[in-house]
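Taking it in order: structure first as structure tokens, then the write-up.
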Amino acid sequence: MIAVLKQSIPRASFDFDKEKKLILKRLKLSGFPEFIKTWQKEVNITFVREPKALERIYRFVHDRYIDAGIIDPQPDGKWVTKYLLFPDTRIVAAYKKEDKLLKNPLCTASIVFDKVGRGLPCDAIYGDIIDDLRAKNKKIVELCSLAALPNLKARNIYFPIFKVIYEYIVSKNYTDIVIVIKPKHRFFYEKILRFKCFEERKYSRFKNVTAMLAHLDLKTAEEEFKRIYGDLPSEYNIYLFFKKQFLS
């Protein structure tokens, strides 16, 4: 049995300058500097509500999860959970500008709000940690059904999606975000997006998956982004990217 751990795993004790160099290397490798110059001309971020577009999202997530080897093919070819069907759940997706009918998603994430009596998907394996956050009067959302086209540069689209999500969550007076991730993605969430990560646990819902809970306190996130990115060149400055208003 896995021991219960109430504390997050400390971030690796990198030298601060070394940590920044690693972040810059990752952002450069992914093409982030080029992406932030052009994405608004090429990509549209939207909340998906139309039933046919939602069906395509469910199929997109299903296919990405099949490719990742974490689920078996579903009879209807869709990945849908009860949490996605709650009326207050919101699904955000990115599309090419010319895709006016929302037929081919590039990237997606779903926002599930913690409510009394129903909880969050991650309660199944991290209920003790989520309950600790609730005891501190945290208002929590879980991001789930994350999926993107399978290449590193395509995943840059998560940045504007996360910006939309952050702004939406704050507007609803929620304070904290949690995500269940694969441990191999820890660097991205912990070092680049400044989440805190908890110990690995088995997640029987998915095949061959060891899960890791990542948590971001939105009340301290802006200051943390400023601390890490505030003095970096603009093409690598995620702090400025999240601060810049692009929503009409």
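Reading the sequence shown from the start, the letters are residues -12 to 235 in the numbering used here.
Positions of the beta carbon are idealized from the N, C-alpha and C atoms, including for glycine.
{"Query": "Beta carbon of Ile148 nearer than 8 Å to that of Cys94", "Result": "yes"}
{"Query": "Limits of the alpha helix (DSSP H) - the one that Ser158 falls within", "Result": "Tyr145 to Ser158"}
{"Query": "Cα-Cα separation, Gly217 to Val35", "Result": "33 Å"}
{"Query": "Val30 and Ile144 closer than 8 Å at C-beta", "Result": "yes"}
{"Query": "Any 3 or more C-beta pairs closer than 8 Å across the segment 113 to 121 and the segment 50 to 58", "Result": "no"}
{"Query": "Residue from Phe193, Leu203 and Phe146 with nearest C-alpha to Lys125", "Result": "Leu203"}
{"Query": "Whole-Å CB distance - Ile98 paired with Val128, under 8 Å assumed", "Result": "5 Å"}
{"Query": "Rounded straight-line distance, which links the Cα of Tyr70 to that of Ala(-1)", "Result": "Only weak support exists for where Ala(-1) lies, its pLDDT of 47 falling under 50; the value from the coordinates is given anyway. If I take the Cα positions, the gap works out to 33 Å."}
{"Query": "Contact under 8 Å by Cβ, Ile179 with Arg13", "Result": "yes"}
{"Query": "Range of the contiguous alpha helix (DSSP H) that encloses Lys28", "Result": "Phe19 to Glu29"}
{"Query": "Spatially closest choice to Glu211 from Tyr226, Leu72, Lys28 and Phe100, by CA coordinates", "Result": "Tyr226"}
{"Query": "Start and end residues, beta strand (DSSP E) containing Ala198", "Result": "Thr197 to Asp204"}
{"Query": "Proximity of Thr68 and Pro108 at Cβ, strictly below 8 Å", "Result": "yes"}
{"Query": "Close beta carbons around Val(-9), own chain, < 8 Å, minus the five adjacent residues each side", "Result": "Note on Val(-9): pLDDT 36, under 50, position unreliable in the model; the coordinate value appears next. The answer, listed in chain order, is Asp115."}
{"Query": "Cutoff 8 Å; reference Leu11; Cβ partners in own chain excluding five residues on either side", "Result": "Leu219 and Tyr223"}
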